[in-house]
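Numbering (our numbering), first residue to last: 22 to 356. We put the beta carbon where it would ideally sit given N, CA and C, even for glycine. Since this is a predicted model, take the numbers as computed values, not measurements. Working notes, structure below.
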Amino acid sequence: MLSNAEIGIDLGTANILVYSKNKGITLNEPSVVAIDTVTKNVLAVGKEAKDMIGKTPGRIVAIRPLKDGVIADYDITTDMLKHIMRKAAKKMGFSMRKPNVVVCTPSGSTSVERRAIHDAVRNAGAKKIHLIEEPVAAAVGAGLPVDEPVANVIVDIGGGTTEVAIISFGGVVACHSIRVAGDRLDDDIVQHVRKEYNVLIGERTAENIKMEIGYALVDHEEQFMDIRGRDLVTGLPKTVTLSSYEIQKAMKEALLQILEAIRATLEDCPAELSGDIVDRGVILTGGGALLKGMEEWLSKEIVVPVHLAPSPLESVAIGTGKALQYIHKLQQAIK
Numbered sequence: 022m023l024s025n026a027e028i029g030i031d032l033g034t035a036n037i038l039v040y041s042k043n044k045g046i047t048l049n050e051p052s053v054v055a056i057d058t059v060t061k062n063v064l065a066v067g068k069e070a071k072d073m074i075g076k077t078p079g080r081i082v083a084i085r086p087l088k089d090g091v092i093a094d095y096d097i098t099t100d101m102l103k104h105i106m107r108k109a110a111k112k113m114g115f116s117m118r119k120p121n122v123v124v125c126t127p128s129g130s131t132s133v134e135r136r137a138i139h140d141a142v143r144n145a146g147a148k149k150i151h152l153i154e155e156p157v158a159a160a161v162g163a164g165l166p167v168d169e170p171v172a173n174v175i176v177d178i179g180g181g182t183t184e185v186a187i188i189s190f191g192g193v194v195a196c197h198s199i200r201v202a203g204d205r206l207d208d209d210i211v212q213h214v215r216k217e218y219n220v221l222i223g224e225r226t227a228e229n230i231k232m233e234i235g236y237a238l239v240d241h242e243e244q245f246m247d248i249r250g251r252d253l254v255t256g257l258p259k260t261v262t263l264s265s266y267e268i269q270k271a272m273k274e275a276l277l278q279i280l281e282a283i284r285a286t287l288e289d290c291p292a293e294l295s296g297d298i299v300d301r302g303v304i305l306t307g308g309g310a311l312l313k314g315m316e317e318w319l320s321k322e323i324v325v326p327v328h329l330a331p332s333p334l335e336s337v338a339i340g341t342g343k344a345l346q347y348i349h350k351l352q353q354a355i356k
C-alpha cells in the first residue's frame with residue numbers, strides 16, 4: 022500500500038484536470054454535473070454530463086457548478102470532486118486514500134471563495150490541501166523559472182476568468198484578474214446570432230463557432246460556417262451562415278477588456294522587472310490562448326514578444342502537480 026498519493030487539481034470553470042507526479046495528466050474532464058432534480062442524485066460527471074447539456078428531459082439538468090473560476094454550487098462541486106478523484110484513482114491503478122492535494126484558486130478570489138474550495142476538496146477526501154494561485158501554477162506548468170528573481174509574465178485565459186500576473190521569486194508581483202474569458206466570448210456569440218438573425222443557439226454551438234471561425238482582432242481571410250438553431254419568430258429549426266468577420270466583431274469588446282487587463286498589469290510592474298519583460302516577453306496559457314491570431318494581435322498591441330505555452334490547456338494542471346516541490350517557497354499549507 023502506497024503512502025499518501027500526491028496530486029494536483031486544476032479546478033477550472035470549463036474543465037477539471039488531475040495531475041499526478043508519476044503519470045502526468047491522468048484526467049481531463051469538463052466541469053459539468055448532470056443531476057436528477059427530484060432525487061438530487063448525481064447521474065453523470067464530466068464528458069458524459071457535458072454531452073447532456075441542453076438535451077435532457079425536464080427533471081435532469083446539466084449544471085456547471087463553477088462560475089468565473091469560483092464555486093457557485095458548493096454541494097454539487099463536492100460531489101463532482103468525489104467522482105473525479107475516484108475516477109483518477111482508478112486510472113492510476115491504486116487506491117487513493119486521503120491524497121495530498123494542491124489545488125489552484127483564481128488570484129482575484131476572496132478568502133471566503135478560497136475557503137469554499139479548500140473545504141470542498143477536503144470533503145471530497147483529501148488529507149492535506151495546499152492552495153496555489155492560478156497564475157503561479159500556470160507559470161510553473163509552462164516551464165518558467167518562477168523561483169528566480171526575473172519577471173515572468175503569464176496571461177491565463179481560461180473559461181471563467183482571465184488572469185494576468187507578473188511573477189518573480191516565487192510570488193506574484195502584480196496581477197489583474199477579470200471575469201471575462203472563454204465563456205464570455207461564447208455568450209457574446211450567442212447574443213450576436215440572436216440579435217442579428219433572430220436565431221437561438223446553445224453554448225456548445227457557440228463554442229464550436231469560436232473554435233472554427235473565431236479570430237482575435239487581426240486581418241484574416243474571411244471564412245464562413247453554417248450553423249443551426251431555433252428561429253425565435255417561427256419556433257422552427259433554421260440554418261444561417263456566419264462570417265468570421267462578424268464573429269470577430271461580436272467578440273471585440275471582450276477581447277479589448279482582456280488587453281486592458283494585460284496593459285494594467287504591465288503598468289504596475291516595478292521598473293527593475295520591466296527590462297526582463299522586454300527580453301522574455303509574455304506567455305499565453307489557457308483555452309482562450311488558442312483563439313486564432315491571439316499571439317499576433319497581443320504582441321502588436323503591447324509591443325513585447327508574446328509566446329504560447331507548450332500545452333496551454335494543461336499548463337495550470339501540470340503546474341499544480343509540479344508545485345509540490347516548490348510548495349514551501351510558494352505558500353504554506355493550510356492546516
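Residue i in three-state terms, based on DSSP
i	result
residue 353	Any reading at residue 353 must be qualified, since the residue scores a pLDDT of 44, below 50, and its modelled position is unreliable; no value is offered.
residue 192	strand
residue 130	coil
residue 90	coil
residue 80	coil
residue 261	strand
residue 136	helix
residue 222	coil
residue 197	strand
residue 29	strand
residue 320	helix
residue 337	helix
residue 157	helix
residue 205	helix
residue 43	coil
residue 11	Residue coverage of the chain in this structure runs from 22 to 356, which leaves residue 11 outside it and unanswerable.
residue 215	helix
residue 100	helix
residue 229	helix
residue 175	strand
residue 74	coil
residue 63	strand
residue 186	strand
residue 303	strand
residue 332	coil
residue 163	coil
residue 181	coil
Same chain, Cβ closer than 6 Å to residue i, neighbours up to 5 away in sequence not counted
i	result
residue 289	195
residue 129	198
residue 259	220 and 252
residue 308	203 and 334
residue 22	Its pLDDT being 30, under 50, residue 22 is placed unreliably in this model, and the value from its coordinates should be taken loosely. Excluding sequence neighbours, residue 22 sits near nothing in its chain.
Those residues which DSSP pairs with residue i across a bridge
i	result
residue 290	According to DSSP, which records beta bridges pairwise, residue 290 is partnered with nothing at all.
residue 106	Answer is none; residue 106 lacks a bridge partner.
residue 246	263
residue 95	Residue 95 pairs with nothing; no bridge assigned.
residue 325	None, per the DSSP bridge assignment.
residue 313	236
residue 151	123
residue 51	36
residue 143	Per DSSP, none; premise fails for residue 143.
residue 57	81
residue 251	221 and 258
Buried or exposed by the 16-neighbour rule on C-beta atoms within 10 Å, applied to residue i
i	result
residue 119	exposed
residue 212	exposed
residue 127	buried
residue 334	buried
residue 113	buried
residue 214	buried
residue 292	exposed
residue 170	exposed
residue 345	buried
residue 242	exposed
residue 217	exposed
residue 78	exposed
residue 13	Examination of residue 13 is not possible in this model, given that the chain is present from 22 through 356 alone.
residue 71	buried
residue 132	exposed
Own chain partners of residue i with C-beta closer than 8 Å, once the 5 adjacent residues on each side are dropped
i	result
residue 109	28, 39, 41, 47, 48 and 117
residue 286	174, 185, 186, 187, 195, 196 and 197
residue 84	53, 54, 55, 56, 94 and 97
Sequence-distant residues of its chain with Cβ nearer than 7 Å to residue i (five each side left out)
i	result
residue 353	Because the pLDDT at residue 353 is just 44, under 50, the model does not fix this residue reliably, and the point stays unresolved.
residue 141	92, 95, 98, 99 and 102
residue 294	172, 187, 189 and 194
residue 32	87, 124, 125 and 138
residue 282	183, 185, 197 and 199
residue 275	201, 205, 206 and 209
residue 44	113
residue 36	49, 50, 51 and 52
residue 302	325, 326, 327 and 328
Query - Stretch pair the stretch 322-338 + the stretch 144-164: three plus CB contacts closer than 8 Å - result: The stretch 322-338 is in contact with the stretch 144-164.
Query raised in the report: Touching or not, the stretch 195-207 and the stretch 172-181, by the rule of three or more beta carbon pairs under 8 Å?
Result: yes
Query raised in the report: How do the stretch 225-237 and the stretch 245-262 stand: do at least 3 beta-carbon pairs fall below 8 Å, yes or no?
Result: yes
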